[in-house]
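Chains as they are written, first to last, in the numbering used here: chain W, 1 to 264; chain P, 1 to 282; chain E, 1 to 363. Below is one structure; the comments refer to it alone.
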Amino acid sequence: MNPLARTLVWRGLITALYVFLLAPIIVVACVSFDTRPYLDFPPRSLSLGSYAGVVRNHVFFEAMLTSMLIGAIAATCSVVLGTMASFGLVRGRFRGRAVFAWFFLSPMLAPHIVLAVGLMMTLQPLGLLNTLSGLVLAHIGITLPYTVRIVSMGLSRIDPAWEEAARVHGASGGKVLWHVTLPVLRPNMLAAGMIAFLISFDEAVIALFIAGRHATTLPLAIYEYIQFRTDPQVAALSVIVIVVSLLPIIVIERSISLRRAVGS
Amino acid sequence: MTTRLMHRMLLLPGLVALVVTFCLPVAWLLHMSFMPEPDSPPGHAAISFHAYAQVLEDGFYWWVVWQTVRIGLVVTCLTVPLSFPIALFLSRSTSPWRGTLAALAVAPLLTSTVIRTYGWMVILGRHGLINRTLLGLGVLSMPVRLDNGTFATIVALVEILMPYAIISILGGMGRLTVELEQAAALLGAPLWKVFMRITVPLALPGLLTASLLVFVLSISSLVTPQLMGGGRVFVLSTEIFSQTTQALNWPLAGALSTLLLALFGSVIVLYQRAARRLEDPA
Amino acid sequence: MAETIPPAADAFLHVRDLTKQYPGSPRPAVDRASFDLGKGRMLALLGSSGCGKTTLLRMIAGLVPPQGGHVMLGGRDMGHVPLHQRQMGMVFQSYALFPHMDVARNVGFGLEMKGMPASQRNAAVRRMLELTHLENLADRRISALSGGQQQRVALARALATEPALLLLDEPLANLDVKLREAMRAEIRALQKRMDVTCLFVTHDQDEALSTADEIAVMSEGVIQQIGTPQDIYERPANRFVAGFIGRANFLPALWQRPGWAEVPELGLLAIAEHERWQGTRTLMVRPHAIRVRMGGDMTDALRACTGHVVDLSYTGGRYGCQVRVGPYLMETELEAGTRLPIRGQEVQLDWPAHRTRVLDGTP
């Protein structure tokens with residue numbers, strides 16, 4: 001094969017794989033502008049009718065608010081707890097530190113379905129099943145490994161000389177933390193918060209087990225809707241969800257890069 | 001020393017959160033799997049192996065485990081080779097769009113699985129993209145059922161898990177430099193030989209990690225087999241789900257979850273052995 | 001050191017017996033270091049890597065707690081003064097500029113920590129930026145600066161609070177040669193202009209010799225000698241200092257009689273020393289002190305040694321000339337433009353008695 005043909009084949013392969021990778025998102029976006037009440041592709045005429053439908057749909061609207069609320073609370077708690085733990089894990093010089101570090105990351109490896117069943121069985125006797133608090137608690141648990149990892153990554157890259165320089169030039173311990181360490185760590189804390197929010201916002205498996213009529217998250221609402229009906233309204237909702245997710249994704253990419261945030 | 005104590009105190013809130021949301025549920029799940037049948041009289045026996053006996057005796061559950069492993073293997077064997085070209089492309093691209101393309105490959109990871117599964121329902125559905133196209137071209141005279149089944153589940157899982165594979169392969173590709181390939185080519189190796197003898201062996205750690213991750217995620221996925229399977233795909237996760245929420249047989253759900261955990265554990269052990277052998281071939 | 005320097009009346013910085021031994025290390029990183037430094041003076045801590053110079057600097061800064069000894073600054077014992085109240089300025093080897101702040105905020109950091117109101121602070125920062133020629137970079141991010149610019153910002157930050165003591169930890173190590181020489185002069189000028197007492201750590205003897213008022217040579221955690229650059233160079237206290245600073249020739253010597261020493265297999269050499277010693281000691285003579293003569297004028301035969309040129313190498317402006325004299329290989333220097341010997345040619349070497357230094361120990 002001559003080099004030109006080789007390049008073309010290679011480019012074609014990459015393009016095809018990208019199309020496959022992005023196909024469901026593209027298709028959902030196209031369908032969301034359709035006017036017909038049933039699912040079909042490609043759309044015959046375009047309108048924003050489905051979007052209007054979503055806005056009028058109370059179930060979706062409430063689920064969206066619930067998901068955002070849970071995501072925001074869980075992400076905030078996760079970042080606070082994760083940052084504290086990171087300081088202990090990275091700065092601490094006590095025995096068993098490696099074991100603790102491993103323990104903090106281990107839930108990343110646990111299958112969500114098993115966690116979900118366990119959480120259901122644990123939260124039920126506590127009366128936290130089908131409540132916001134239960135969901136927040138569960139989401140803190142699944143996001144904590146990510147926040148610990150991302151904040152630790154930033155913390156271990158801090159040049160000790162920065163803090164020494166601050167102290168020599170007149171900053172007390174608290175001021176060093178406030179004026180130097182935390183600001184330097186901010187991109188990582190921000191990315192950690194965004195990742196935590198996205199994980200919580202997109203999480204469906206645990207919600208399937210522990211959420212219910214009183215606390216329905218958006219992925220759950222979509223799940224339940226598409227089990228029985230597949231009309232363009234849910235496509236419009238999906239597009240809205242993707243757009244909402246886009247902002248945190250951009251923030252993460254800008255602060256520490258997406259690959260480093262989710263990568264191994 | 002006080003700072004040492006302080007550092008340990010900093011771990012405490014996170015530890016409490018993890019114990020409540022991770023250790024306790026897993027422990028409780030194990031405990032529950034040793035409970036007697038739900039309809040047996042209360043206080044009958046403290047510990048019962050009934051649920052496990054049920055799993056082992058019923059041929060159906062053996063079949064479910066086999067289905068789970070089979071789908072996991074097929075998905076892994078498709079996802080990793082399909083992700084490798086993208087990872088290769090991203091690792092050596094010098095285009096100014098590289099950052100954007102990398103983000104584009106990873107971003108689907110952060111969009112909801114439910115939504116992406118829904119997208120595949122639209123594509124593979126009775127009136128979906130593929131059927132419409134094939135009908136329009138006259139290839140088919142009647143729509144075929146592509147959704148609701150193992151095929152649809154596998155297609156959707158491959159796409160959903162590709163970003164994970166891409167990231168893992170990229171992460172393991174540190175040593176793979178273009179210079180090495182060019183050196184091999186300069187020494188007269190044909191392209192396919194360069195690929196098989198240089199590119200693949202150097203990328204092997206990343207490929208191995210990607211395989212582990214994809215397999216593990218696919219055998220524990222619930223949403224996709226549930227929605228794409230249309231009630232006709234039986235894997236461990238869907239079985240756990242129906243035992244928990246519909247049959248309300250929690251001991252059985254516990255036993256099946258334990259089985260899934262054991263499967264997880266053994267795969268991870270296998271992976272670690274393979275990774276160690278890869279690092280130290282002697 | 002056994003003979004501690006007598007405490008000078010005008011000393012501004014007293015350091016006495018500072019000692020630090022890191023756990024698991026067989027010998028102290030710094031062993032009873034003592035010195036005094038007058039106000040406005042600049043002392044270079046000179047030594048190769050691992051000699052303890054940075055640890056000594058960090059103990060004085062308060063970044064490393066000493067195991068013994070004390071530091072007094074302007075008559076105040078620093079032992080119980082918390083790090084952030086010691087009123088010091090420091091330039092770190094990596095500069096340690098805060099990456100999340102622009103140049104002006106970096107420079108103003110110390111003043112901000114002191115609680116100086118913003119308007120006053122801005123004026124002070126502007127003055128510092130002018131002094132360090134950074135006026136145009138005030139709102140740049142640190143990552144957008146060159147190495148030399150970062151160096152200046154670090155210096156401006158350290159000096160902005162008008163510290164009692166300025167500490168520099170290998171401040172020029174990360175710069176290229178040309179820039180290093182320019183910055184050397186600039187640091188010196190700024191230090192004199194602001195009349196700040198200064199301590200800097202370096203492994204570069206040229207830097208120490210050309211910049212500092214005084215030099216402390218360190219080795220294996222011990223200060224070997226403190227003195228002016230001339231002292232250190234011309235009158236090294238021991239074999240280590242003589243070998244560490246500049247190039248030198250060493251010859252073993254036995255006492256012969258006042259004014260004369262005997263070098264085995266070479267003969268008698270005139271020395272300025274008149275006191276008797278026992279056993280073998282070392283004679284040191286700098287290459288540039290040695291006169292190289294060609295052609296048999298042997299009038300001063302007693303002090304001259306005859307040898308053969310082994311190697312001749314151009315070192316920019318002058319030649320290094322190795323001469324084998326008996327069993328010894330002597331380093332000498334020849335000005336460019338003078339008549340040069342060729343390899344293997346016989347030459348006579350001689351030098352004035354007062355340029356020979358007698359040191360303890362064998363070569």
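Cβ coordinates follow ideal geometry from the N, Cα and C atoms, glycine included. The structure displayed is predicted, hence computed values, not measured ones.
On the criterion of 16 or more Cβ atoms from any shown chain inside 10 Å, does residue i qualify as buried, or is it exposed?
| i | result |
| --- | --- |
| residue 15 of chain W | exposed |
| residue 178 of chain E | exposed |
| residue 135 of chain E | exposed |
| residue 73 of chain W | buried |
| residue 291 of chain W | The structure shown does not extend to residue 291 of chain W, since chain W is modelled only from 1 through 264, so no value can be given for it. |
| residue 2 of chain W | exposed |
| residue 26 of chain W | exposed |
| residue 205 of chain E | buried |
| residue 250 of chain P | buried |
| residue 60 of chain P | exposed |
| residue 274 of chain E | exposed |
| residue 68 of chain P | buried |
| residue 31 of chain E | buried |
Would you report the Cα separation of residue i and residue j, rounded to the nearest angstrom?
| i | j | result |
| --- | --- | --- |
| residue 75 of chain P | residue 91 of chain E | 57 Å |
| residue 96 of chain P | residue 12 of chain W | 19 Å |
| residue 124 of chain E | residue 133 of chain E | 14 Å |
| residue 183 of chain P | residue 274 of chain P | 28 Å |
| residue 272 of chain P | residue 278 of chain P | 10 Å |
| residue 301 of chain E | residue 343 of chain E | Residue placement at residue 301 of chain E cannot be trusted, given a pLDDT of 49 that sits under 50; what the coordinates show is reported in the next sentence. Rounded to whole angstroms, residue 301 of chain E to residue 343 of chain E spans 23 Å at the Cα level. |
| residue 293 of chain P | residue 169 of chain P | An answer regarding residue 293 of chain P cannot be provided, because it is not within the stretch 1 to 282 covered by chain P. |
| residue 119 of chain E | residue 137 of chain E | 19 Å |
| residue 24 of chain P | residue 122 of chain W | 7 Å |
| residue 222 of chain W | residue 130 of chain W | 17 Å |
| residue 367 of chain E | residue 149 of chain E | This structure cannot speak to residue 367 of chain E, because chain E is shown only from 1 to 363. |
| residue 197 of chain P | residue 103 of chain P | 30 Å |
| residue 312 of chain E | residue 106 of chain E | 51 Å |
| residue 54 of chain W | residue 28 of chain W | 15 Å |
| residue 121 of chain E | residue 16 of chain P | 46 Å |
Hey, is residue i's beta-carbon within less than 8 Å of any beta-carbon in chain W?
| i | result |
| --- | --- |
| residue 211 of chain P | no |
| residue 99 of chain E | yes |
| residue 157 of chain E | yes |
| residue 84 of chain E | yes |
| residue 53 of chain E | no |
| residue 103 of chain P | yes |
| residue 12 of chain E | no |
| residue 188 of chain P | no |
Looking at the strands, I want to know which residues DSSP matches up with residue i.
| i | result |
| --- | --- |
| residue 322 of chain E | E:311, E:331 |
| residue 227 of chain E | E:215 |
| residue 103 of chain P | According to DSSP, residue 103 of chain P bridges with nothing at all. |
| residue 257 of chain E | E:260 |
| residue 38 of chain E | E:11 |
Any C-beta of chain E sitting closer than 8 Å to the C-beta of residue i?
| i | result |
| --- | --- |
| residue 202 of chain W | no |
| residue 169 of chain W | yes |
| residue 74 of chain W | no |
| residue 184 of chain W | yes |
| residue 10 of chain W | no |
| residue 178 of chain W | no |
| residue 165 of chain W | yes |
| residue 172 of chain W | yes |
Could you check whether the Cβ of residue i sits closer than 8 Å to any Cβ belonging to chain P?
| i | result |
| --- | --- |
| residue 190 of chain W | no |
| residue 20 of chain W | yes |
| residue 129 of chain W | no |
| residue 243 of chain W | no |
Counting only beta-carbon separations shorter than 8 Å, does residue i have a partner in chain C?
| i | result |
| --- | --- |
| residue 89 of chain E | This model lacks chain C altogether, as its protein chains are W, P and E. |
Practice task
Mind checking the region 57-82 of chain P against chain W and listing, in chain order, the residues whose C-beta falls within less than 7 Å of any C-beta there?
Solution key: 82: these are the residues of the region 57-82 of chain P whose beta carbon lies less than 7 Å from some beta carbon of chain W, given in chain order.
Exercise for the section: Would you list, in chain order, the members of the region 105-120 of chain E that have their beta-carbon closer than 7 Å to a beta-carbon of chain W? Expected result: Listed by position, the residues of the region 105-120 of chain E near chain W (Cβ gap below 7 Å) are 109, 110, 113, 114.
Problem - Proximal residues, the region 144-162 of chain P versus chain W, C-beta separation under 7 Å - result: The residues in question are 159, 162.
Exercise for the section: Would you list, in chain order, the members of the region 141-167 of chain W that have their beta-carbon closer than 8 Å to a beta-carbon of chain P? Expected result: Residues passing the 8 Å Cβ filter: 141, 142, 144, 148.
Handout entry: Contact set between the region 56-72 of chain W and chain P, restricted to residues whose Cβ is under 8 Å from the partner
Key = Correct list: empty, as no residue qualifies.
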